[in-house]
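Going down the list, the sequences are from chains A and B. Under my numbering, the final residue of the first sequence carries the number 516; numbering is consecutive throughout. Under my numbering, the final residue of the second sequence carries the number 1051; numbering is consecutive throughout. Even for Gly, the Cβ is constructed at its ideal location relative to N, Cα and C.
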Amino acid sequence: MKILICISKTPDTTAKIAFADNNTSFATDGVQWIINPYDEWYALVKAIELKEADPSIVLHLANVGGADTEPIIRKALALGGEEAFRVNTDNTDSFFVASQIAHLAKAGNYDLIFTGKETIDYNGASIGAMLSELLDVPFISHAVKLELNNNVATVTREIEGGEEINKLSLPAVISCQKGMAEQRIPNMKGIMGARSKPLHVSEPVEAAAYTSIVSFDLPPAKAGVKLIPADHPEELVRLLNEEAKAI
Amino acid sequence: MSVLIFVDIAEGKIKKASFEAANYGAAIANQMGTEAAAIVLGNCTEDLSMLGNYGISKVFHNTDSALNVFDAKVYAQAIADATEATTSNILIFSNTITGKALAPRVSVRLKAGLVSGAVALPDTSNGFVVRKSVFSGKAFASVAIQTDKKIISLNPNAFSITKSNNSATVETISLTIQPSTIELVSVNKITGDVPLGEADIVVSGGRGLKGPENWGLVTDLAQLLGAATACSRPVADIHWRPHHEHVGQTGLAIAPNLYIAIGISGAIQHLAGVNRSKTIVVINKDPEAPFFKAADYGIVGDAFEVVPKIIEAVKKLKGSV
């Protein structure tokens, strides 16, 4: 069994969000980069758990990004990825990115493809579903649990207000979220070993970009908090009713 | 040329987010001087003509039994085929779990650019530009769609509904529905009443509540307000509350009309998931809690003393209305 895990580079969750070049690009000064948490904590660690249960499973990583994404790819290799494939291009439009990964996926003949449920920067939540359409395979989104039995996956996925259990034959694309696995820290052996693991770089295949970012902006600052004395909480209820008209 | 809205059904009923999507699509149709139609897949117990109240002029309905199990592949093909059959060139989804599984697949099928998580009507003064939420609610991006066909998925609670007394015509649409390869084993509704992502009011608790045994404060207030309940990440991580209640950067991002945070300090990751809420109330005994900076109303005090008094005051208010 071969599993492909798609990983993306995002700013750290505490990064200050600011924009440069006349608000057309993210200001990267001083930003710490991480593996998108959904890709790392849930998709990658789940795949590692599956391999721990069945060592014959092969774990490959896919990334679309410039050379500056290599540190996060090495971290994913340190955690347990065995071989990585980086498509050397900026990840801008979702369809363009999905097309690059689809190209890798077709060549690698994978049984399972994992993505995070979305990235914490663009919040497109699109790559997994687009990939499944490009590969013409089933897609289960927001998976919180997965069990493999040979070629059949039993997947628990979130639905609005609950969960649903689906059963399907592979190949499939699954987007992962909280519940699938728990965050891990790479150990020293993993970090040392990651340096010599294969990281293949290829140039992008031709694909259209359907969208482009025109500009960014920040939400207006709050006017300031109105403090209500702790001994008169009923005043809060009055304000929420009469002023904010929220209740 | 027209606008088609995917109206999502759960347990035979139209989802709230779909009414917003329908009304949003109708507003775009109005902007473009065209009409808005809806596509409904699967059995629905509601009278679909009432989608006219939300600006839909025509509803296309297909009840093939293969649609009873949600399979993104099957649904996406049906929606793409319906888009072509109705010669629609703008397609609207709500950016819910279902919408997120469908819109990108349909985007590939139709070679139509997708903007997911839209928060405003498109700006068509120079191209077709849609404002969307990015960085988990910490910023917005204006994104141009370059393709002829366009797909937008609208964030829940981002568009205010304007209703009318109009009625829509409902007709059956014939589509070739592929058999699903996904077997539905079971469905387990956890919350049942108010889905967190669509709730108007959300009451949320953090570690300041000291233990799961104290959650009655949150659930009582929520029940009284018809609100959904939520929690901070540490609370979900230590299993005081289920994971699906976790709001924040790595949990669910929500945008209710009112968000009441009890005993939550307001770490930047938590704020990212809730700062699109219209009104934020923070109750925390630490006056230095960062959440107060993002709040509209705040009480510096002990939740165990303050919240019961709030509950009493809300009871009084509800009794008088």
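- Rounded to whole angstroms, the Cβ separation of I389 of chain A and I370 of chain A is 19 Å, and the two are not in contact under 8 Å.
- Spanning the alpha carbons of T892 of chain B and N753 of chain B requires a straight line of approximately 7 Å.
- Sixteen is the threshold: since fewer than 16 other Cβ atoms of the shown chains lie within 10 Å of the Cβ of S325 of chain A, the residue is exposed.
- Residue pairing from DSSP places K414 of chain A in a beta bridge opposite A:T425.
- Secondary structure in the region 779-829 of chain B: the beta strand (DSSP E) runs of 3 residues or longer, each lying completely within the stretch, are 788-792, 820-824 in chain order.
- Only P488, K491, A492, G493, V494, K495, L496, I497, P498, A499 from the region 488-499 of chain A bring a Cβ to less than 9 Å from some Cβ of chain B.
- DSSP places F365 of chain A in the uninterrupted alpha helix (DSSP H) bounded by 363-377.
- Of all C-beta pairs linking the region 998-1018 of chain B to the region 854-873 of chain B, three or more are shorter than 8 Å, placing the two stretches in contact.
- Pairing N856 of chain B with N292 of chain A, the inter-Cα distance amounts to about 18 Å.
- Contacts between H372 of chain A and chain B, judged by CB atoms closer than 7 Å, are missing: the closest CB pair is about 14 Å apart.
- For N856 of chain B, the secondary structure class from DSSP, reduced to helix, strand or coil, is coil.
- Residue pairing by DSSP places S481 of chain A opposite B:A874 in a beta bridge.
- Collapsing the DSSP output to three states places D486 of chain A in a strand.
- With a contact defined as Cβ atoms closer than 8 Å, I903 of chain B and F790 of chain B qualify at about 4 Å.
- If only complete runs of 3 or more residues are kept, the region 447-476 of chain A shows the beta strand (DSSP E) at 468-471, in order along the chain.
- Residues N292, T293 of the same chain have their beta carbon placed closer than 7 Å to that of S484 of chain A, with the five preceding and five following residues left out of the count.
- For I907 of chain B, none of the residues of chain A pass the 7 Å Cβ criterion, the least Cβ distance being about 15 Å.
- A contact between stretches requires three or more CB pairs, one per stretch, nearer than 8 Å, and the region 1013-1022 of chain B fails this requirement with the region 942-962 of chain B.
- For A874 of chain B, same chain residues with a beta-carbon under 7 Å away, outside a window of 5 residues either side, are G857, F858, V859 in chain order.
- Counting along the chain, V948 of chain B sits inside no beta strand (DSSP E); it lies in the alpha helix (DSSP H) bounded by residues 946-955.
- Interface annotation for the region 472-488 of chain A against chain B: A477, A478, Y479, T480, S481, I482, V483, S484, F485, D486, L487, P488, criterion Cβ-Cβ distance under 9 Å.
- The straight-line gap separating the alpha-carbon atoms of R507 of chain A and K495 of chain A is approximately 13 Å.
- Around the CB of N332 of chain A, 16 or more other CB atoms lie within 10 Å, so the residue is classed as buried.
- Against chain B, the CB of S277 of chain A has no partner CB under 8 Å away; the residue lies outside that interface.
- In terms of beta-carbon proximity, L313 of chain A stays away from the interface with chain B, with every pair separated by 8 Å or more.
- Close to N510 of chain A, with beta-carbon spacing below 8 Å, are these residues of chain B in chain order: L1047.
- Ranked by Cα distance from I920 of chain B, the first of A:G430, A:N420, A:I317, A:S465 is A:G430.
- Burial of M449 of chain A is indicated by the presence of at least 16 other C-beta atoms within 10 angstroms of its C-beta.
- F749 of chain B and E776 of chain B have their alpha carbons spaced roughly 13 Å apart.
- Counted as a single uninterrupted DSSP element, the stretch harbouring G397 of chain A is not any beta strand (DSSP E) but the alpha helix (DSSP H) occupying residues 396-404.
- Residue contact with chain A for A802 of chain B: present (Cβ-Cβ distance below 8 Å to some residue of chain A).
- Rounded to the nearest whole angstrom, the CA to CA distance from L1047 of chain B to P986 of chain B is 21 Å.
- Among the residues of chain B, none has a CB under 7 Å from the CB of N420 of chain A; the nearest is roughly 12 Å distant.
- The beta carbons of A422 of chain A and A441 of chain A sit closer together than 8 Å.
- Of the candidates B:R971, B:V1044, B:Y989, B:A1033, B:Y989 places its Cα closest to the Cα of A1025 of chain B.
- A distance below 8 Å between beta-carbons, with the five flanking residues on each side excluded, links E472 of chain A to the following residues of its chain, in chain order: V356, N357, T358.
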